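Number of protein chains: 2
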Amino acid sequence: MTDVPRITGVLSPVVTPFGADLAPDPERFVRQCRWLLSQNVGLAIFGTNSEANSLSVEEKIELLDRLVAAGLDPARMMPGTGCCALTDSVRLTAHAMKVGCGGVLMLPPFYYKGVSDDGLFRSFAEVIERVGDARLRVYVYHIPPVAQVPITLGLVERLLAAYPAQVAGMKDSGGDWSNTKAFLDAFAKAGFDVFAGSETFLLQNMRHGGAGCISATANVHPGPIARLYDTWRAEGADAQQARLDVIRGVFQKFPMIPALKAAIAHHGHDAGWASVRPPLVALTSAQSTALITELDAQRFTMPGLAIR
Amino acid sequence: MTDVPRITGVLSPVVTPFGADLAPDPERFVRQCRWLLSQNVGLAIFGTNSEANSLSVEEKIELLDRLVAAGLDPARMMPGTGCCALTDSVRLTAHAMKVGCGGVLMLPPFYYKGVSDDGLFRSFAEVIERVGDARLRVYVYHIPPVAQVPITLGLVERLLAAYPAQVAGMKDSGGDWSNTKAFLDAFAKAGFDVFAGSETFLLQNMRHGGAGCISATANVHPGPIARLYDTWRAEGADAQQARLDVIRGVFQKFPMIPALKAAIAHHGHDAGWASVRPPLVALTSAQSTALITELDAQRFTMPGLAIR
Chain A
1 MTDVPRITGV LSPVVTPFGA DLAPDPERFV RQCRWLLSQN VGLAIFGTNS EANSLSVEEK
61 IELLDRLVAA GLDPARMMPG TGCCALTDSV RLTAHAMKVG CGGVLMLPPF YYKGVSDDGL
121 FRSFAEVIER VGDARLRVYV YHIPPVAQVP ITLGLVERLL AAYPAQVAGM KDSGGDWSNT
181 KAFLDAFAKA GFDVFAGSET FLLQNMRHGG AGCISATANV HPGPIARLYD TWRAEGADAQ
241 QARLDVIRGV FQKFPMIPAL KAAIAHHGHD AGWASVRPPL VALTSAQSTA LITELDAQRF
301 TMPGLAIR
Chain B
1 MTDVPRITGV LSPVVTPFGA DLAPDPERFV RQCRWLLSQN VGLAIFGTNS EANSLSVEEK
61 IELLDRLVAA GLDPARMMPG TGCCALTDSV RLTAHAMKVG CGGVLMLPPF YYKGVSDDGL
121 FRSFAEVIER VGDARLRVYV YHIPPVAQVP ITLGLVERLL AAYPAQVAGM KDSGGDWSNT
181 KAFLDAFAKA GFDVFAGSET FLLQNMRHGG AGCISATANV HPGPIARLYD TWRAEGADAQ
241 QARLDVIRGV FQKFPMIPAL KAAIAHHGHD AGWASVRPPL VALTSAQSTA LITELDAQRF
301 TMPGLAIR
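As you go down the protein sequences, you meet chains A and B in turn. Letter by letter, the first sequence follows residues 1 to 308 in the numbering used here. Letter by letter, the second sequence follows residues 1 to 308 in the numbering used here.
Below, the structure written as structure tokens:
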């Protein structure tokens, strides 16, 4: 183990803004990331909600470089660097280390289905060995509804045994609390940091030794989610959790990524934010109106977003 | 429509050889592709069986360039160019056109699941428009067991209406003949070329107006599969099909990609061929022995492979 500070708390899988030509927009991206940091939320850029797998490796490297060039703290960044191709994962992970990222969130290779833990172990091991950086902190990413390739307890056990300093934790986006709890029970005491995949499980996760959450809705509701993390031991934590659940429930009535972008477009007075890359499609105008109406009914706001 | 000759017949999703460092081996790749062409089998390089999604875009471009530099005919090539990221698909497809490939086989973006036909239409349309080459021939790739994102009849109908010259056909690797037949019935008469995803359906496909097959086992059994394509109207075609099914049945008892490579390693006297990239794993020595024993029992040979 080394003395590199570990990432904890609430992180946002930052949504990626696109221009009219569908190219990533680094200026909007920097502004959004700066706002999230101001709300005490870290930057899990290039996650599922970032449409990261709809971006080339070059596009991701350019966006990361722009954040660092803009003076944002790389220690607060946990970019997604797990790709289908070993060489892509190595290239992105090495670049994240080069610029000083606090960690990387790694999907397993997700094209082939039904692969063995032997094959997945070797995938992660090859990346760790080839990057060969003592500062590397890998968070493995369990998201079976999308990747369809799960991270098992047995795989984490093998990875921890082989790379105790590099294998730092996981994000569990399976939506099944009993699975998250199984990882907490097995590995949290050994310093393996479990992030819940949404704020729905933030309070439970903290009460069982978790490290925080990495949540889609931290893109739009960062301050209140970060506040629950900061005060989870205090009286009223359950009421905070209930309020977070209401807001998340509104977003979950719509396709999540387009809905996050629609809310940012509306509350940031910046219609360009609504754009998504294919194969996703933006909300229809009727869907956007319904989303905003429901959020307004909940007195939902995004303080500080419009005046950046 | 233009007068570019259309690809028909039997193609192999060519397995990709790796060195001990897991880097693609262009020399072995060129030799293998030359042997396949000598067996009258075309080159659907960068398919599922090629571990194409375990390769970076740069690695694929380098391998394609090496084939062309070696004098292999690009008109016989149908590289897989469909990636998760729009920009990667555009880059690879444009490069395939630049070197004169006869067509490209395009997976839908496969990370996000449950995406709409609107989003998939826009994905293919953006690639076709951005590549902007009248010679482009796109074969859409339906392989729901792996990609988990299907190609529907409705999607093909829309694509054909919008891009009648570019949307040339499909590969159906769903393993469900009734689906293949539905596409044949709907579109074959309009010149949409349906390739079965394995030789199991080659004879049926030809009898219903199909264009051939693109099959994993064409990597190892190319001559006999191509012979059935050439003589499917002749007496004895059913007996040929039955013999092909027996050989394929042996390979299907093992993980397909490692088994193909093990057979090439054995019959080509070149142990290096057995290597696969993670997340796949090579056959165990016991599995390899069992495979070769069963193939020997069927008097299986790979004529001309060892003397390249």
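All C-beta atoms, glycine included, are put in the ideal place defined by N, C-alpha and C. No experiment lies behind these values; they were computed from the predicted model shown.
- Excluding the 5 residues flanking it on each side, A:D25 has same chain C-beta neighbours closer than 7 Å at P17, F18, G19, in chain order.
- Within the segment 213-231 of chain B, no residue has its Cβ closer than 7 Å to any Cβ of chain A.
- Residue contact check for B:R277 against chain A: a CB pair falls below 8 Å.
- Per DSSP, the beta-bridge partners of A:V167 are A:V138.
- Within the DSSP secondary-structure output, B:F18 pairs in a beta bridge with B:P24.
- Within the segment 103-123 of chain A, those residues whose Cβ lies closer than 8 Å to any Cβ of chain B are, in chain order, P108, P109, F110, Y111, Y112, K113, V115, S116, D118, G119, L120, R122, S123.
- Distance from the Cα of B:V276 is smallest, within the candidate group B:H142, B:Y112, B:K261, B:G268, for B:K261.
- By the CB criterion at 8 Å, A:V149 and A:F110 fall inside the cutoff.
- Shown here, B:C101 sits in coil according to DSSP, grouped into three states, outside any helix or strand.
- Under the DSSP assignment, A:G212 falls outside any alpha helix (DSSP H), being part of the beta strand (DSSP E) whose first and last residues are 212-214.
- If you draw a straight line from the Cα of A:S116 to the Cα of A:T152, it comes to about 10 Å.
- With contacts defined by Cβ atoms closer than 8 Å, A:L72 and A:C33 form a contacting pair.
- Not flagged as an interface residue toward chain A: B:E129, since no C-beta distance is shorter than 8 Å.
- Look at B:D185 here: in three-state DSSP terms it is helix.
- The residue from A:Q204, A:P108, A:F251 with its alpha-carbon nearest to that of A:N219 is A:F251.
- CA-CA distance, A:L283 to A:F254, rounds to 8 Å.
- Taking every protein chain shown into account, the CB of B:A52 has 16 or more other CB atoms within 10 angstroms, so this residue is buried.
- The C-beta of B:T93 has 16 or more other C-beta atoms within 10 Å across all chains shown, which makes the residue buried.
- For A:V194, no Cβ of chain B is located within less than 8 Å of the residue's own Cβ.
- About 6 Å separates the beta carbons of A:V104 and A:M78, which is inside the 8 Å limit, making them a contact pair.
- Taking a C-beta distance under 8 Å as the contact criterion, B:H266 and B:I292 qualify as a contact pair.
- Within the segment 244-289 of chain B, there are no complete beta strand (DSSP E) runs of at least 3 residues.
- Judged by DSSP secondary structure, A:A196 falls within the beta strand (DSSP E) whose first and last residues are 193-196.
- In the structure shown, B:D88 adopts helical secondary structure according to DSSP, grouped into three states.
- Non-local beta-carbon contacts of B:R28 in its own chain, meaning distances under 8 Å to residues more than five positions away in sequence, involve P17, D270, G272, W273 in chain order.
- In this structure, B:V14 sits near B:L36, with a CB-CB distance shorter than 8 Å.
- For the segment 53-72 of chain A, the set of residues with a beta-carbon nearer than 9 Å to any beta-carbon of chain B comprises N53, S54, L55, S56, V57, E58, E59, in chain order.
- Note: A:G80 is bridge-paired with A:L105 in the DSSP secondary-structure output.
- When the Cα atoms are used, B:F192 and B:G236 turn out to be separated by approximately 28 Å.
- Interface annotation, B:V156: not in contact with chain A, CB-CB separation never under 8 Å.
- In the three-state DSSP reduction, B:S12 falls in the strand class (E or B).
- Contact of A:A85 with chain B by beta-carbon distance below 7 Å involves N53, S54, L55, S56.
- Here A:D133 is not bridged, per DSSP, to any residue.
- Residue burial is scored here from C-beta neighbours: B:A216 has at least 16 other C-beta atoms within 10 angstroms and is therefore classed as buried.
- Residue range 222-230 is occupied by the alpha helix (DSSP H) that includes B:I225.
- For A:G42, the pairing in a beta bridge is given by DSSP as A:L11.
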